[in-house]
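**Student:** Quick one: the structure is below, questions incoming.
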Amino acid sequence: MIKLSGITPSGEVHLGNYLGAIRRWALHSGPDDLYFVSNMHAMTVKHSPERLRHLTDHQLAVLLAAGVPQEQLFVQADLIREHMTLTWLLECTCTFGEARRMIQFKEKSQGSASVRLGLLTYPVLMAADILLHGTAQVPVGEDQRQHVELARTLARRFNTDYGEVFVVPEAVLPEAGARVRDLTDPSRKMSKSSSEANGIVYVLDPPDVVRRKFQRAVTDSRNEVRYAPEDQPGVANLLDILAACQDTTPERAAESVGSYRELKEAVAEAVLATITPVRERAIHLLESRTELSHIRRQGAERARTRSERRLSEAIALAGLA
Ligand code: ATP
Ligand code: MG
């Protein structure tokens with residue numbers, strides 16, 4: 003049974019991505035699970051081609067360095083023809099009303115006519131990602147459930163109207179990972195595209211930068227180390243991170259430190275112990291371009307081989323061949 007997860011190169015990989023998702027992908031993936039860098043999704047808003055190219059390699063390198071199996075990993079646009087072909091078949095299966103109803107589209111477009119058409123249609127591209135690879139389960143958070151629901155609807159409709167070809171996917175809850183909050187504003191999650199740099203710890207940040215960011219993390223004036231997410235969100239966030247790195251509970255992590263200064267130092271060191279090997283391997287991969295390109299090409303080849311029959315069948319069923 004195939005489970006598919008992706009990460010969009012909208013920014014560099016941060017600690018939230020690593021502790022909340024990537025680490026699990028590396029440790030707990032089933033033999034058929036698939037992972038991809040969804041670079042085609044990173045251009046629904048104005049983007050820089052140079053930066054997108056850089057971030058795509060960066061994310062691929064971090065995923066590999068983290069231990070995501072290379073046989074199960076590919077870059078979306080390395081199969082751009084396949085993904086776009088299926089997107090067209092599915093766009094012609096999807097109604098305007100269905101696309102327009104997507105909450106993310108409504109929120110991000112806010113009724114403006116100048117938003118890119120890609121913002122309206124990207125859930126269909128996402129459906130194509132899911133259906134092309136025969137995905138049975140898509141681990142997603144609340145914000146993406148509606149899109150998986152759309153993929154389900156389109157799979158069923160295509161299967162009914164033209165013939166059985168797609169696995170009907172379902173959204174599943176991701177294995178609970180740590181939720182990491184912004185270090186300067188613990189009321190929101192650490193996020194590639196909306197946090198400001200001081201609030202985000204990047205997996206590739208050098209050790210002194212990591213230490214500095216934790217030193218400056220927002221806490222409160224109580225100087226009481228206890229796990230109380232409602233009352234002390236900044237401290238709770240640091241304890242969550244410490245616990246995730248030490249594989250313990252935040253309550254137990256709280257017992258091991260006496261002051262905020264100690265807490266910040268302990269978190270910084272625990273984070274460094276966790277991410278330094280990943281950082282070093284990723285930097286090595288980014289420096290030895292040939293290895294990264296080779297892995298990338300092989301990933302694309304395997305993904306293409308796995309999906310080509312299904313795509314040909316869908317093309318034929320739609321009457322195009
Ligand atoms: P964007 O701001 O572009 O949405 P993001 O930082 O939210 O970026 P995504 O690409 O949306 O990252 O998510 C990649 C994976 O990382 C997902 O599985 C998501 O659940 C997880 N993730 C993202 N942010 C966090 C966080 N702060 N804590 C834990 N997990 C996170
Ligand atoms: Mg996100």
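When we follow the working numbering, the leftmost residue of the sequence shown carries the number 3, and every step to the right adds one. Don't be surprised by glycine CBs; every beta carbon is placed ideally from N, CA and C. Computed from a predicted model, the values in this text were never measured in an experiment.
1) Could you tell me whether the segment 294-308 touches the segment 68-85, where touching means 3 or more Cβ pairs closer than 8 Å?
2) Along the chain, where does the beta strand (DSSP E) containing F76 start, and where does it finish?
3) For P252, collect the residues of the same chain with a Cβ closer than 8 Å to its Cβ; drop the 5 residues on either side in sequence, then sort them by chain order.
4) Would you say the beta carbon of S193 comes nearer than 7 Å to a heavy atom of the ligand MG?
5) Please state if the CB of L29 and the CB of I4 are separated by a distance shorter than 8 Å.
6) Does the beta-carbon of V182, which I'm using as the reference point, lie nearer than 7 Å to any heavy atom of the ligand ATP?
7) Determine the contact status of P125 and S7, defining contact as a CB-CB distance below 8 Å.
8) Closest by CA to G13, which one among M86, G32, T162, E52?
9) Does the pairing of the segment 60-80 with the segment 150-169 give three or more beta-carbon distances under 8 Å?
10) How would you label S309, buried or exposed, when you count the other beta carbons within 10 angstroms and need 16 or more for buried?
11) Going by alpha carbons, who is nearest to E267 out of R183, L313, R26, R218?
12) In the DSSP output, which residue or residues are listed as bridge partners for Y204?
13) In terms of residues, what are the limits of the alpha helix (DSSP H) holding P141?
14) S31 lies in the alpha helix (DSSP H); which residues open and close that run?
**Tutor:** By the coordinates alone:
1) yes
2) Reading the sequence shown from its first residue, position 74 is the one you call residue 76. It spans 75-77 - the beta strand (DSSP E) in which F76 sits, taken as one unbroken run.
3) By one-based count along the sequence shown, residue 252 stands at place 250. Correct list, in chain order: Y229, A238, L241, D242, L244, A245.
4) Taking the sequence shown and counting its residues from 1, the one referred to as residue 193 is at position 191. Yes, Cβ of S193 sits closer than 7 Å to a heavy atom of the ligand MG.
5) As a first step, residue 4 is located in the sequence shown; it is residue number 2 there, counting from the start. As a first step, residue 29 is located in the sequence shown; it is residue number 27 there, counting from the start. The answer is no: Cβ separation not under 8 Å.
6) Residue numbering aside, residue 182 sits at position 180 when the sequence shown is read from its first letter. At least one heavy atom of the ligand ATP is nearer than 7 Å to the Cβ of V182, so yes.
7) Counted from its first residue, the sequence shown places residue 125 at position 123. Counted from its first residue, the sequence shown places residue 7 at position 5. Taking 8 Å as the Cβ cut-off, P125 and S7 do not qualify as a contacting pair.
8) Start at 1 with the first residue of the sequence shown, and residue 13 comes out as number 11. Comparing Cα positions, the closest option is E52.
9) no
10) On the sequence shown, position 307 is the one that residue 309 refers to. So S309 counts as buried.
11) Taking the first residue of the sequence shown as 1, we reach residue 267 at position 265. Nearest of R183, L313, R26, R218 to E267, Cα basis: R218.
12) Against the sequence shown, residue 204 aligns to sequence position 202. H16.
13) What you label residue 141 is simply residue 139 of the sequence shown in a count that begins at 1. Unbroken run through P141 is the beta strand (DSSP E), 139-141; no alpha helix (DSSP H).
14) By one-based count along the sequence shown, residue 31 stands at place 29. Premise fails: S31 is in no alpha helix (DSSP H) and is neither H nor E.
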